[in-house]
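Input: a single structure, listed below in structure tokens.
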Amino acid sequence: MKRVLVGMLFALAVAAAPAAQMKYGVTTKADKNVDFTKLKSYSWSVGQPNPTKSIDALIVAAVDRELKALGLSKAESGPGDVLVSYYALRRTDVGMKPKSETGAPTQTAVGTLSVVLLDPKSKKELLQMRLDKPIDTDPAQAEAVINTAVTELFEKYPTRKN
Numbered sequence: 092m093k094r095v096l097v098g099m100l101f102a103l104a105v106a107a108a109p110a111a112q113m114k115y116g117v118t119t120k121a122d123k124n125v126d127f128t129k130l131k132s133y134s135w136s137v138g139q140p141n142p143t144k145s146i147d148a149l150i151v152a153a154v155d156r157e158l159k160a161l162g163l164s165k166a167e168s169g170p171g172d173v174l175v176s177y178y179a180l181r182r183t184d185v186g187m188k189p190k191s192e193t194g195a196p197t198q199t200a201v202g203t204l205s206v207v208l209l210d211p212k213s214k215k216e217l218l219q220m221r222l223d224k225p226i227d228t229d230p231a232q233a234e235a236v237i238n239t240a241v242t243e244l245f246e247k248y249p250t251r252k253n
């Protein structure tokens with residue numbers, strides 16, 4: 092019984108090790124069969140918006156700004172060439188190794204923002220851009236943090252040279 096318990100603890104420690112080394116940054120998944128240069132219009136679709144209305148408005152405005160810079164315009168009526176939605180959440184990452192003087196594990200506030208483009212007819216995902224990044228949770232910094240995050244996401248848009 093003791094051996095089984097030690098084995099289980101070892102397995103948990105090994106499984107937890109990769110989780111302690113969180114990778115932050117932008118990841119993208121794009122449908123290779125889509126010519127993103129041909130997309131000219133978009134309309135919004137419901138995703139998982141931020142529950143704070145002012146934060147939601149900042150994210151939508153930043154995404155609108157980036158899409159406009161790419162040459163896409165918001166469809167006035169009916170669906171555009173693509174549907175756009177975003178998903179936002181905040182989490183706390185906890186380090187496995189204590190780094191404070193008290194011996195407590197470190198905690199980092201992390202924001203995840205994902206912008207998704209969908210085919211308006213089939214709802215098939217054409218593009219997903221996701222950013223995971225430690226964030227400043229000071230409400231006074233919200234607009235700057237959001238604008239920076241959305242800019243980082245759209246730097247990876249398929250028509251941009253990386």
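Counting from 92, one number per residue, gives the positions in the sequence shown under our numbering.
No residue lacks a Cβ here, since even glycine has one placed at the ideal position from N, Cα and C.
Bear in mind that the values here come from a model prediction, so they are computed numbers and not experimental data.
Taking DSSP's pairing of strands, which residues face residue i in a bridge?
i	result
Q232	Beta-bridge pairing links Q232 to no other residue.
G116	D223
A121	L218
According to the neighbour-count rule (16 or more other Cβ atoms, all chains shown, within 10 Å of its Cβ), is residue i buried or exposed?
i	result
G171	buried
Y115	exposed
F101	Confidence is the limiting factor: at F101 the pLDDT is only 35, short of 50, which leaves the residue's position unreliable, though a coordinate-based value still follows. F101 comes out exposed.
V241	buried
D223	buried
G169	exposed
Indicate the three-state DSSP secondary structure (helix, strand or coil) for residue i in the structure shown.
i	result
S136	coil
K129	helix
M92	Legend: pLDDT at M92 = 45, less than 50; position of this residue unreliable, value from coordinates given subsequently. Residue state, collapsed to three classes: coil.
K144	helix
R251	coil
Name the residue from the options whose alpha carbon lies nearest to the alpha carbon of residue i.
i	options	result
L149	A233, R251, K247, F245	A233
S136	M220, V175, I146	V175
N124	L244, P225, Q139, E216	E216
P225	I146, F245, A121, L204	L204
E157	S145, T143, Y133	Y133
L244	T197, D227, T143, Y177	Y177
P230	I146, V207, N238	I146
R251	A160, A179, P211	A160
G138	M187, I237, E167, V151	V151
Whole beta strand (DSSP E) elements within the segment 158-221, 3-residue minimum: Every beta strand (DSSP E) stretch that sits fully inside the segment 158-221 and reaches 3 residues is listed by chain position as 173-189, 196-209.
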